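Engineer: Residue numbers (the numbering used here): 209 to 301. Take a look at this one; I'll ask things after.
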């Protein structure tokens, strides 16, 4: 399995774990305390950050599938010689 595939699966596991732990804290009533509230917020932030990364991975994979590989243009054919600009005369005052 490629590293992108492994990272995608790990991201899905972390999203499910973050949402599951937040739901568990709410279901058991532990989210009513200050500590529980911060645990819920932390779990949701972890789930959101991995969700953003999963969306990035999906978009990157879709872009690589849509674009055909670009052909390299030879650099020697594109080179052009430029002439240096002439110096302007300086007027003495």
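Idealized CB from N, CA, C, for every residue including glycine. Here the structure is a predicted model, which is why all the values come from computation and not from measurement.
Would you call residue 258 buried or exposed, if buried means 16 or more other Cβ atoms sit within 10 Å of its Cβ?
Structural biologist: To locate residue 258, count along the chain shown from 1; it is residue 50. By the 10 Å Cβ count, residue 258 comes out buried.
Engineer: Could you tell me if the beta carbon of residue 253 falls within a distance shorter than 7 Å of some heavy atom in the ligand HEM?
Structural biologist: This structure lacks the ligand HEM, and indeed carries no ligand of any kind.
Engineer: Does DSSP put residue 229 in a helix, in a strand, or in coil?
Structural biologist: Along the chain shown, read from residue 1 onward, the residue named residue 229 stands at position 21. Of the three classes helix, strand and coil, the one that applies to residue 229 here is helix, per DSSP.
Engineer: Please report the Cβ distance between residue 262 and residue 226, rounded to the nearest whole angstrom; I am assuming they are in contact, meaning their Cβ atoms lie under 8 Å.
Structural biologist: Translated into positions along the chain shown, residue 262 becomes position 54. Translated into positions along the chain shown, residue 226 becomes position 18. Not a contact, Cβ separation roughly 12 Å.
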